[in-house]
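Each residue of the sequence shown is one higher than the one before, counting from 13 in the numbering used here. Worksheet for the structure shown next.
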Amino acid sequence: MRIPLLCSFILLFISYSYSQQSQRRNQDLQHAIGDRMIQISDSQKIKVKAGITKIDESKSFETGNCGTRILSPSTLENFEVTGEFIVNYSGFSLEAQEAFDHAIKIWSRLITTSVPIKINASFSSLGPDILGSAGPTYILRDIENESFPNTYYPAALADQLNGLDNVGIDIEADFNINFNNWYFGLDGCPGPIEYDFVTVAMHEVAHGLGIFSSPEILNFGPFDGNLGCYGYDSGENDPLGFPIFIPIIFDHFVENGMGQKVTSFDPNFCWSTLTTMFTGDDLYYNGPNTRQCFGDRLKLYAPLNFLPESSYSHLDEDTYVKEDVNSLMTPFLMNGEAIHDPGCSIGMLQDFGYQAHNLKPIQLDIPTIGEWATLILIILLLTISVNILKINIVSA
Ligand SMILES: [Zn+2]
């Protein structure tokens, strides 16, 4: 009798665990609308925070130490515009709008769009030390031309993949109106205590484009801090009535130091190994295009203390420090730091399915030898005609 009793107890516990995990996660995601779309709430958006570095006395901010990979407005004009972005501004000052517009001008030369990407950009009250917060407005699944089946795609990418304007506004980006040390210049030269707005705008748009996920560590009852989960509630249930969870495109490229992929774990359950991965400082992004760009995997931010708004969806702060070419997508922006280029993070967008690329110089049409010869002949004929005309006039 003891064994069946024990079995019953274990079954009961497993059933309880399953139900608790599912219910808890279901409560966190009540934004499913329709069958294929989920609306992303403000609390799920990814934040970038103000970090503070000790001012390096050996470097003078006065003498052109102006950040990394900065593209001036005049330099940008030499590169082809390949993407269309439409921005609705709310609460922006003129200088803030010019700075955001500059970031968009850079992005519009890095992405080729078939459908315009629409952004709502606002200044609003965010938490202390939070510079900005952004994400896709919606994520969609079952997209025509998708690279991974059973996967959510950010709205902007879904538009590009199926050639439709699926949801209207694709990206929402908020910036902290209560922050006093913004630098709105376009030259990437913030003062020692200032924070470069163009950098933050570039960063937030990247989250909206899809450098974005929503991992979770359960923090209740017997599972407190022990089980990690990923994926979004699809709004559909399995035969037992429990919700089915589906990953987002970013999840497919995340793995631990041993190369074990997050997506090798069933997203319908929460796993202790995922907790270790999310908090072990040993998490990587491994995609073909980032690997080609960087020559290796990119290290993701996975500190011991799990920060749902920062962990997993950023590059590692300690690896890609201020002035590193890949520092745009780290979770903290330091005072005096500026970078106006996604570095190898552009490879993530390519992995997801965007037509993304390095800047393309504008090709000037240089006439061929035949065209030159025709041009010279025309000029010669015109000169002769004018001279004949002159002679005729004089003669008359
Ligand atoms: Zn961020």
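Built from N, CA and C at the ideal position, the CB exists for glycine as well.
DSSP state of residue i mapped onto helix, strand, coil
i: T94; result: coil
i: E228; result: strand
i: G76; result: Note that G76 scores a pLDDT of 42, beneath 50, so its modelled location is shaky; the value from the coordinates is reported in the next line. Reduced to three states, the DSSP call for G76 is coil.
i: L327; result: strand
i: P85; result: helix
i: V398; result: helix
i: A314; result: coil
i: V210; result: helix
i: S102; result: strand
i: I50; result: strand
i: I388; result: helix
i: S322; result: coil
i: R303; result: helix
i: V337; result: coil
i: I424; result: Since the first residue shown for the chain is 13 and the last is 408, residue 424 is missing from the structure and cannot be characterised.
i: G222; result: coil
i: Q42; result: At Q42, the pLDDT of 37 sits below 50, so the modelled position is not reliable; the number obtained from the coordinates is stated separately. Correct three-state label for Q42: coil.
Ligand 1 heavy atom lying under 7 Å from the CB of residue i
i: P279; result: no
i: P343; result: yes
i: H326; result: yes
i: H219; result: yes
i: H215; result: yes
Straight-line Cα distance separating residue j from residue i
i: L122; j: M289; result: 32 Å
i: Y297; j: E107; result: 35 Å
i: N38; j: L319; result: Only weak support exists for where N38 lies, its pLDDT of 41 falling under 50; the value from the coordinates is given anyway. In a straight line, the C-alpha of N38 is about 20 Å away from that of L319.
i: P128; j: E184; result: 15 Å
i: L169; j: G222; result: 8 Å
i: V217; j: G147; result: 8 Å
i: N193; j: P300; result: 38 Å
i: A350; j: I388; result: 50 Å
i: G180; j: S126; result: 14 Å
i: I82; j: D293; result: 30 Å
i: L361; j: K117; result: 17 Å
i: T211; j: S322; result: 17 Å
i: E329; j: L295; result: 13 Å
i: A44; j: S246; result: Below a pLDDT of 50, predicted positions are generally treated as unreliable, and A44, at 40, falls in that range; the measurement from the model is reported next regardless. Roughly 7 Å separates the two Cα atoms.
i: E335; j: R309; result: 19 Å
i: W119; j: H215; result: 10 Å
i: G197; j: A133; result: 18 Å
i: G95; j: Y244; result: 29 Å
i: G365; j: V266; result: 16 Å
i: A314; j: N338; result: 17 Å
i: W384; j: Q367; result: 36 Å
i: S136; j: F254; result: 38 Å
i: I396; j: T386; result: 15 Å
i: F104; j: G233; result: 44 Å
i: K273; j: D250; result: 24 Å
Cβ-Cβ separation, residue j to residue i (assumed contact under 8 Å), whole Å
i: D363; j: T302; result: 7 Å
i: H326; j: M341; result: 6 Å
i: M49; j: Y150; result: 5 Å
i: P259; j: Y324; result: With a Cβ gap of about 12 Å, P259 and Y324 do not count as contacting.
i: N90; j: P373; result: 6 Å
i: F224; j: F277; result: Contact doesn't hold; Cβ gap of about 19 Å is too wide.
i: D177; j: D171; result: 6 Å
i: I52; j: V99; result: Not a contact, Cβ separation roughly 18 Å.
i: P204; j: Y195; result: That belief does not hold up - the Cβ atoms of P204 and Y195 are roughly 11 Å apart, past 8 Å.
i: L230; j: C282; result: 6 Å
i: N188; j: L138; result: 4 Å
i: E206; j: G348; result: 7 Å
i: I256; j: N280; result: 6 Å
i: L143; j: L312; result: Actually they are not in contact, since the Cβ atoms of L143 and L312 sit about 20 Å apart, beyond 8 Å.
i: P161; j: H114; result: P161 to H114, Cβ: 38 Å. No contact.
i: D208; j: G200; result: 6 Å
i: H264; j: T124; result: Not quite, the Cβ-Cβ distance comes to about 22 Å (not below 8 Å), so this is no contact.
i: D182; j: A167; result: 4 Å
Cβ of residue i within 8 Å of any chain B Cβ
i: M49; result: Chain labels in this structure do not include chain B; a single protein chain is all it has.
| field | beta strand (DSSP E) runs wholly inside the segment 230-300, at least 3 long, in chain order | value | 244-249, 255-258, 266-268, 295-297
| message | Restricting to runs no shorter than 4 residues, where is the alpha helix (DSSP H) found entirely within the segment 118-202? | response | Fully enclosed alpha helix (DSSP H) runs of 4 or longer: 167-174.
| request: Scan the segment 344-386 and note each continuous alpha helix (DSSP H) run of 4 residues or more that stays entirely inside, going in chain order. | output: 358-364
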